[in-house]
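Only one structure is covered here, and it is reproduced in the block below.
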Amino acid sequence: MTTIDLSLERISRLVARFPPYTRPTVHVTGTNGKGSVTSLVASILRESGMKVGKFNSPHLLHPRDAIEIGGSPVSLAQYDEVYKRIQRTNNDTFKDASGHSNTQDAIAASQFEVLTVTALRIFEEEQVDMAVVEVGMGGRLDATNILPPENVVKVSAMTMVDLDHTRWLGSTISAIAREKAGIARRNTPFVIGPQKPERMEDVEQSVREAVRNVGTVTRPGARVLPLPNDRALGQEDSIVLDLALRGSHQVDNLSTALAIVECLQEQQDATSPYQITTESITRGVSNARWPGRLEFVEYTSPKGPCTILLDGAHNASSATALRTYIDTIRPNDPLTTGNGGTQIRYPVSFVMALSDSPPKTPTDTLEPLLQPGDHVAAVEFSSVEDMPWVRPVNLHEICNAVEPLIGDTGKIWKDESDGEAKTTPSSSLNHLEDALHWAIEHANGGLVVVAGSLYLVADFYRLMGTYPQKFKRL
Numbered sequence: 001m002t003t004i005d006l007s008l009e010r011i012s013r014l015v016a017r018f019p020p021y022t023r024p025t026v027h028v029t030g031t032n033g034k035g036s037v038t039s040l041v042a043s044i045l046r047e048s049g050m051k052v053g054k055f056n057s058p059h060l061l062h063p064r065d066a067i068e069i070g071g072s073p074v075s076l077a078q079y080d081e082v083y084k085r086i087q088r089t090n091n092d093t094f095k096d097a098s099g100h101s102n103t104q105d106a107i108a109a110s111q112f113e114v115l116t117v118t119a120l121r122i123f124e125e126e127q128v129d130m131a132v133v134e135v136g137m138g139g140r141l142d143a144t145n146i147l148p149p150e151n152v153v154k155v156s157a158m159t160m161v162d163l164d165h166t167r168w169l170g171s172t173i174s175a176i177a178r179e180k181a182g183i184a185r186r187n188t189p190f191v192i193g194p195q196k197p198e199r200m201e202d203v204e205q206s207v208r209e210a211v212r213n214v215g216t217v218t219r220p221g222a223r224v225l226p227l228p229n230d231r232a233l234g235q236e237d238s239i240v241l242d243l244a245l246r247g248s249h250q251v252d253n254l255s256t257a258l259a260i261v262e263c264l265q266e267q268q269d270a271t272s273p274y275q276i277t278t279e280s281i282t283r284g285v286s287n288a289r290w291p292g293r294l295e296f297v298e299y300t301s302p303k304g305p306c307t308i309l310l311d312g313a314h315n316a317s318s319a320t321a322l323r324t325y326i327d328t329i330r331p332n333d334p335l336t337t338g339n340g341g342t343q344i345r346y347p348v349s350f351v352m353a354l355s356d357s358p359p360k361t362p363t364d365t366l367e368p369l370l371q372p373g374d375h376v377a378a379v380e381f382s383s384v385e386d387m388p389w390v391r392p393v394n395l396h397e398i399c400n401a402v403e404p405l406i407g408d409t410g411k412i413w414k415d416e417s418d419g420e421a422k423t424t425p426s427s428s429l430n431h432l433e434d435a436l437h438w439a440i441e442h443a444n445g446g447l448v449v450v451a452g453s454l455y456l457v458a459d460f461y462r463l464m465g466t467y468p469q470k471f472k473r474l
């Protein structure tokens, strides 16, 4: 399947061919912050002594790294065994009385649907104490919403809602929020995380309409006060938390995560061998990690070692958060005069690729991120395994969007010298390496940022030849 077809029909048939899924589960939807919230919750639960499974999408280097047990991706051997078992069932056909098979009888679930069932089967077979599952897209018709309607989902949650994937989810905040609220379960807490102030009323009203008939109790995110140096104050228990995840926006994600954990605390039995405590919350927040999101790594170029900032910012909201973080970590950089006489920081050198996702345009993502004088090396990421519908934005389109944003003082690089397609891993990595060297040279010792798509971040990891879990965090 090379297009996205939101439906639960195929995955329902596939799941019905296996034993029931019974593991206690936290289910998280939203536009931005889902991965950070699931990472925070999973880290807290691990520090509380639980065996935790976590499912996120998209994967970075290989589909198996979307599925974690105990904070690490499942082994390739385990992934292959379960995935192939699911895929065989997915491709099964039924023979008629004469022994002929009809391929139209096959379930033919999508790759993401098969991956979702693979994750749930692994969690079931591993008997995890809690699974933390991120919605792929939307909610109501997302493959992860195949989770049983009763007794399995302990908490549902929604992070910040924004205009993204409007082709499938609707063109308004209200419509998107209603789709995402479709993961709500009867008589189960539904956490509504912090939203943009001007959108909070729309989101809350849309959620109330969506859950009106299922007896769901909605609750806001926990009260969290941001403190300097990536710290926060949990106001319910007056505990100071060291946020391992960088960026001021992570305070909102922490608010959502803490509200989820509070719901789980209220449900825990005093006789349970696992207790969520103030200490386990503190440790979990400080140990949480979410690769490719405001992550500094060391890279060696022909000019010597260089520190690179990686971030998967791919829409206006995440691009705004990235720019805010960039400006926050450079408060003492000299100011220079940009277009119209505005005072801006010293230019940043970007390596950038974007995912083609109409009606979102390159300008929608780049306008909050780029400033006059910034330098941009435009590249295309390699093809994404098991996700044939994902395609990079053409280099010319990126450059056309970049040019008016960086002005006459900014520089643009793109490599089309040989005309070769850049969708194979080897060719994409060669172009990425050239782009990095150009960006480092033009940064003049300043900040170099790889951003615009998690698929580009994945290519960077491939170029480094290692899994992100093996990077030394700077």
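Sequence positions in the sequence shown follow full-length UniProt numbering and run 1 to 474. We treat Cβ as the ideally placed atom computed from N, Cα and C, and that holds for glycine.
Check: Which residue or residues does DSSP assign as beta-bridge partners of I69?
Finding: Answer by DSSP bridge pairing, in chain order: G53, S72.
Next item on the list: Quick one: using the 10 Å Cβ neighbour count with 16 as the cut-off for buried, is Q268 buried or exposed?
Entry: Per the 10 Å Cβ criterion, exposed.
Item checked: Residues sharing a beta bridge with I192, DSSP -> Answer by DSSP bridge pairing, in chain order: M158, P220.
Check: To which residues of the same chain is S317 closer than 6 Å at the C-beta, ignoring the five residues directly before and after it?
Finding: In chain order, N32, D162 place their CB closer than 6 Å to the CB of S317, counting only its own chain and leaving out the 5 sequence neighbours on each side.
Check: Which whole-angstrom value describes the C-beta separation of I122 and Q78, a residue pair presumed to lie in contact below a C-beta threshold of 8 Å?
Finding: Going by Cβ atoms, the distance from I122 to Q78 rounds to 7 Å, so yes, they are a contact pair.
Margin query: Between which residues of its own chain and A177 is the CB-CB distance below 8 Å, once the five residues before and five after are set aside?
Written below: Closer than 8 Å at the Cβ level, and outside the excluded window around A177, lie M158, V161, D202, V203, S206, V207, A210.
Item checked: Separation of H375 from residue 511, as counted between CA atoms -> This structure cannot speak to residue 511, because the chain is shown only from 1 to 474.
Next item on the list: Give the straight-line distance between the Cα atoms of F18 and N90, rounded to the nearest whole angstrom.
Entry: Per the coordinates, the alpha-carbon of F18 lies some 11 Å from the alpha-carbon of N90.
Checklist line | Exposed unless 16 or more other CB atoms sit within 10 angstroms - verdict on K84 | finding: Within a 10 Å sphere around the beta-carbon of K84 sit fewer than 16 other beta-carbons, which makes this residue exposed.
Note to self: Measuring straight from C-alpha to C-alpha, what distance separates E81 and F112?
What the structure shows: Approximately 17 Å between the Cα atoms of the pair.
Checklist line | Extent of the continuous beta strand (DSSP E) run through E295 | finding: It spans 295–301 - the beta strand (DSSP E) in which E295 sits, taken as one unbroken run.
Check: How many whole angstroms separate the CB atoms of V52 and V128, which I take to be in contact at a CB cut-off of 8 Å?
Finding: That belief holds up - the Cβ atoms of V52 and V128 are roughly 6 Å apart, short of 8 Å.
Next item on the list: Starting from the C-beta of N56, find all residues in its chain whose C-beta is less than 7 Å away, skip the five residues before and the five after it, and write them out in chain order.
Entry: Around N56: G35, T38, A66, E134.
Next item on the list: Return the residue from the list D327, M387, N315, I406 that minimises the CA-CA distance to T361.
Entry: Looking at D327, M387, N315, I406, the one whose alpha-carbon comes closest to that of T361 is N315.
Next item on the list: Rounded to whole angstroms, what's the CA-CA distance from L395 to E380? Just pull it up for me.
Entry: Roughly 7 Å separates the two Cα atoms.
Margin query: Beta-carbon within less than 6 Å of A119's beta-carbon, same chain only, minus the 5 sequence neighbours each way: which residues are those?
Written below: Around A119: F55, I67.
Check: Do you know offhand how far C399's Cα is from H249's?
Finding: Rounded to the nearest angstrom, the two C-alpha atoms are 28 Å apart.
Notebook entry, point to check: Between the C-alpha atoms of A42 and L309, what's the straight-line distance to the nearest angstrom?
Noted result: L309 has its alpha-carbon roughly 25 Å from the corresponding atom of A42.
Margin query: I need the boundaries of the alpha helix (DSSP H) containing G304, first residue and last residue.
Written below: Note, G304: premise wrong, no alpha helix (DSSP H); beta strand (DSSP E) at 304–310.
Next item on the list: Report the rounded CA-to-CA distance for V261 versus V132, giving the unit in angstroms.
Entry: Answer to the nearest angstrom: the Cα atoms are 12 Å apart.
Notebook entry, point to check: Roughly how many whole angstroms lie between the Cα atoms of V448 and T365?
Noted result: V448 and T365: Cα-Cα distance of roughly 18 Å.
Notebook entry, point to check: At which residues does the alpha helix (DSSP H) containing K180 begin and terminate?
Noted result: First-last of the alpha helix (DSSP H) with K180: 173–180.
Checklist line | Span separating the alpha-carbon of N430 from that of M464 | finding: Computed Cα separation, rounded: 12 Å.
Item checked: Nearest-angstrom Cβ-Cβ length linking L60 and L454, presumed shorter than 8 Å -> Indeed, because the Cβ distance is near 7 Å, the residues count as touching under 8 Å.
Note to self: Quick check: A319 and A443, are their CB atoms within less than 9 Å of each other?
What the structure shows: No, the Cβ-Cβ distance between A319 and A443 is not below 9 Å.
Next item on the list: Look at the Cβ atom of L243, then the Cβ atom of I281, and state whether they are nearer than 9 Å.
Entry: In this structure, L243 keeps its C-beta atom at 9 Å or more from the C-beta atom of I281.
Note to self: With DSSP as the reference, identify every bridge partner of K411, one or two as the case may be.
What the structure shows: Note: K411 sits in a beta bridge opposite H375.
Next item on the list: Would you kindly check if the distance between the Cβ of E179 and the Cβ of L147 is under 9 Å?
Entry: Cβ atoms of L147 and E179: not closer than 9 Å.
Checklist line | Beta-carbon proximity list for P73, same chain, < 7 Å, skipping 5 on both sides | finding: Cβ within range, chain order: R64, D65, I67.
Notebook entry, point to check: Which of the three DSSP states, helix, strand or coil, is assigned to H59?
Noted result: Collapsing the DSSP output to three states places H59 in coil.
Notebook entry, point to check: Between the beta-carbon of G383 and the beta-carbon of V393, is there less than 9 Å?
Noted result: The amino acid occupying residue 383 in the given sequence is Ser; Gly does not appear at that position. For S383 and V393, no; Cβs fall outside 9 Å.
Next item on the list: For R10, collect the residues of the same chain with a Cβ closer than 8 Å to its Cβ; drop the 5 residues on either side in sequence, then sort them by chain order.
Entry: For R10, where only same-chain residues beyond five positions count, the Cβ hits under 8 Å are I107, A108, A109, S110, E113.
Check: Can the beta-carbon of V152 be found closer than 9 Å to that of P273?
Finding: Not a contact, by the Cβ cut-off of 9 Å.
Notebook entry, point to check: Which of helix, strand or coil does DSSP assign to residue 502?
Noted result: The requested residue 502 does not occur in the structure, where the chain is confined to residues 1 to 474.
Item checked: For M200, three-class secondary structure by DSSP -> In this structure, DSSP gives M200 a helical state, which the three-state scheme calls helix.
Check: Would you say residue 475 and Y299 are within 9 Å of each other, going by their C-beta atoms?
Finding: The structure shown does not extend to residue 475, since the chain spans only 1 to 474, so no value can be given for it.
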